[in-house]
Amino acid sequence: MLDTLTRRMAGIFAGLRSKGRLSESDVAEMLREVRVALLEADVNFAVAKEFIARVKERAVGEDVYGSLTADQTIVRVVRDELTTMLGGETPQFNWSPAPPTVILMCGLQGSGKTTTCAKLAKWLGKHDKKAMLAACDIQRPAAIKQLEVLGEQVDVPVYSKLDGTKPVEIAKEALARCKHLMLDVLIVDTAGRLQVDKPLMDELSQIVAAVKPSEVFLVLDSTTGQEAVNVAKAFYERVEVTGAIFTKLDGDTRGGAVLSVKAATQVPVRFIGIGESTDALDMFHPDRMAQRILGMGDVLGIIEKAEEAIDLQEAKEMEAKMQKGNLNFEDMLSQLAAMRRMGPIQNVLKMIPGLSAHIPEEAMNNMNDSQVNRIEAIILSMTPKERVNPDIINGSRRKRLALGSGTSVEEVNGLIKQLYNMRRQMKQMSKLQQRVMKSKRR
Ligand SMILES: Nc1nc2c(ncn2[C@@H]2O[C@H](COP(=O)(O)OP(=O)(O)OP(=O)(O)O)[C@@H](O)[C@H]2O)c(=O)[nH]1
Ligand SMILES: [Mg+2]
Numbered sequence: 015m016l017d018t019l020t021r022r023m024a025g026i027f028a029g030l031r032s033k034g035r036l037s038e039s040d041v042a043e044m045l046r047e048v049r050v051a052l053l054e055a056d057v058n059f060a061v062a063k064e065f066i067a068r069v070k071e072r073a074v075g076e077d078v079y080g081s082l083t084a085d086q087t088i089v090r091v092v093r094d095e096l097t098t099m100l101g102g103e104t105p106q107f108n109w110s111p112a113p114p115t116v117i118l119m120c121g122l123q124g125s126g127k128t129t130t131c132a133k134l135a136k137w138l139g140k141h142d143k144k145a146m147l148a149a150c151d152i153q154r155p156a157a158i159k160q161l162e163v164l165g166e167q168v169d170v171p172v173y174s175k176l177d178g179t180k181p182v183e184i185a186k187e188a189l190a191r192c193k194h195l196m197l198d199v200l201i202v203d204t205a206g207r208l209q210v211d212k213p214l215m216d217e218l219s220q221i222v223a224a225v226k227p228s229e230v231f232l233v234l235d236s237t238t239g240q241e242a243v244n245v246a247k248a249f250y251e252r253v254e255v256t257g258a259i260f261t262k263l264d265g266d267t268r269g270g271a272v273l274s275v276k277a278a279t280q281v282p283v284r285f286i287g288i289g290e291s292t293d294a295l296d297m298f299h300p301d302r303m304a305q306r307i308l309g310m311g312d313v314l315g316i317i318e319k320a321e322e323a324i325d326l327q328e329a330k331e332m333e334a335k336m337q338k339g340n341l342n343f344e345d346m347l348s349q350l351a352a353m354r355r356m357g358p359i360q361n362v363l364k365m366i367p368g369l370s371a372h373i374p375e376e377a378m379n380n381m382n383d384s385q386v387n388r389i390e391a392i393i394l395s396m397t398p399k400e401r402v403n404p405d406i407i408n409g410s411r412r413k414r415l416a417l418g419s420g421t422s423v424e425e426v427n428g429l430i431k432q433l434y435n436m437r438r439q440m441k442q443m444s445k446l447q448q449r450v451m452k453s454k455r456r
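Using my numbering, you'd call the opening residue of the sequence shown number 15 and step up by one each time.
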């Protein structure tokens, strides 16, 4: 996601840091590079220009030239202005005071509405809100089926009708049903069109009037670049869109539309879709996104992902084991599972501050989950006894494990050695901790 831009920005600021005192022309040169990087990432021309002008103005105001900490100041100014450009504060979710809260999804054909309905339902589930989906795209029978399949995947009910009932009526009936079942949120999936036309807008207006949504999310395909911004403008003029959801930000999209839509149209970005699975939806935080783009990482994002993935009780037990230094392969297996729940390893790595600037792009792309898969395969080939007591794994068993897991004896040996190393380190660390505690008490 926005990898090229992040890399460029991190490079620009690293160059600045090595300069020491900054002159006015240093800063002007830096801003010129930033502007080019933004434009290359497909940020709207007017938005980029306005951004640079604001940074320049503040740089003068904050007296950065000649000061020793000029680079820090300028990075801070750029970060703040970038945050503002992305929408400033993270908008609060608009819950209806009288549940259920209705969310209307709209957008052009193929933008990702139906998929995002399911992702959103799952996201809401993680936030203790029970959702229901309403299939109001009756243009294609396959669309209803698609929503039903997705609904089953994320374990939420889907309200649908195959008898030619109009979308407005379906939405109304679904709302009544949702109330009856005392669910928290109704998500309404609608039909897409190739372009913003009158029939589409009329249908949306009717649904809005009938079910009074608290949130109207416009789903935009980020691979369409600046066209997405034009679509957002057109929708915003006709319906009360409360937020944009950008899909398909995984892969190699330049993503400039995501960066410019708020400044160009007033529509704030609320979520981003980063993959096809129902998990691949992140809430959009302007400040964190700005930090990420500037190579400062997204520490809060990592913590949130970890909190979602790790069971607190399990973590405590693990810590106790680590202190005693008797970590075993069962523990390693559950750690790997927790890691997997945090999403593809590349995505997590990219959130670590500074990493993207220092690890070459190629190396980053080579880092994938296959390493984790191999380790898991080896552990799963062990007997339960071997997993808790690796001492009993002898030479012939190691050969067998390599064969069973499709790896090599070297890899098996390496893994076992790694476990022993970890045990030793843990023991040393807890000894050190105890010593520090003792000396503090004295
Ligand atoms: N890689 C990737 N693919 C996505 C993402 N979101 C949606 N897709 C894919 O985009 C395609 C279209 O998604 P749909 O959800 O069917 O789009 P839609 O807007 O409902 O389409 P219509 O109902 O035909 O207007 C599907 O193949 C999805 O898997 C995303 O965040 N990343
Ligand atoms: Mg659809």
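Backbone N, C-alpha and C define an ideal beta-carbon position, used for all residues, glycine too. Model, not experiment: these values are computed from the prediction.
- Rounded to whole angstroms, the separation of the alpha carbons of N361 and I152 is 36 Å.
- DSSP links C131 through a beta bridge to no other residue.
- The C-beta distance from R437 to L341 rounds to 6 Å, short enough to meet the 8 Å contact threshold.
- Taken atom to atom, the span from the alpha-carbon of A246 to that of V283 is near 11 Å.
- The Cβ atoms of I406 and E400 sit closer than 8 Å to each other.
- A distance of 8 Å or more separates the beta carbons of G257 and V275.
- A direct Cα-to-Cα measurement between E38 and K70 gives close to 10 Å.
- Counting the other CB atoms within 10 Å of its CB gives V168 a total of 16 or more, which places it among the buried residues.
- In chain order, A148, C150, V202, I221, A224, V225 place their CB closer than 7 Å to the CB of A185, counting only its own chain and leaving out the 5 sequence neighbours on each side.
- Separation of the CB atoms of L122 and G206 is rounded to 5 Å, and the pair is thereby assigned contact status at 8 Å.
- Not one heavy atom of ligand 2 falls within 7 Å of the beta-carbon of D235.
- In this structure, DSSP gives D301 a helical state, which the three-state scheme calls helix.
- The closest CA to that of V182, considering only K136, A304, P227, P171, is found on P227.
- Taking each of V386, D142, R90, F27 in turn and checking the Cα distance to P358, the smallest one comes out for V386.
- In this structure, L273 is the residue among L326, E328, L273, T279 with its C-alpha nearest to the C-alpha of R302.
- Taking C-beta separations shorter than 7 Å and ignoring five residues to either side along the sequence, the partners of T97 in its chain run P300, D301, A304, following chain order.
- Looking at the backbone, the Cα of Q447 and that of D325 are separated by about 25 Å.
- Bounds of any alpha helix (DSSP H) do not take in R284; it lies within the beta strand (DSSP E) bounded by 283–287.
- According to the DSSP assignment, A190 belongs to no beta strand (DSSP E) but to the alpha helix (DSSP H) extending over 181–194.
- Proximity of the segment 191–199 to the segment 98–116 meets the contact definition, three or more beta-carbon pairs being nearer than 8 Å.
- The residues N58, A271, S274, V275, A278, T279, in chain order, have a CB closer than 7 Å to that of V243 in the same chain once the five nearest residues on each side in sequence are set aside.
- Relative to ligand 2, K127 has its C-beta within less than 7 Å of a heavy atom.
- In the DSSP annotation of this structure, the continuous segment of the beta strand (DSSP E) that includes M146 starts and ends at 145–150.
- By the CB criterion at 8 Å, A334 and M356 fall outside the cutoff.
- As the crow flies, the alpha-carbon of L429 is around 11 Å from that of P404.
- Per the coordinates, the alpha-carbon of L415 lies some 16 Å from the alpha-carbon of L347.
- At the C-beta level, A60 and R49 stay beyond 8 Å of one another.
- A188 and R154 have their C-alpha atoms spaced approximately 19 Å apart.
- The beta carbon of F298 lies closer than 7 Å to those of V283, R284, F285, I286 in the same chain, with the five residues before and after it left out.
- With a cutoff of 7 Å, K262 counts as near ligand 1, since its C-beta is closer than that to a heavy atom of the ligand.
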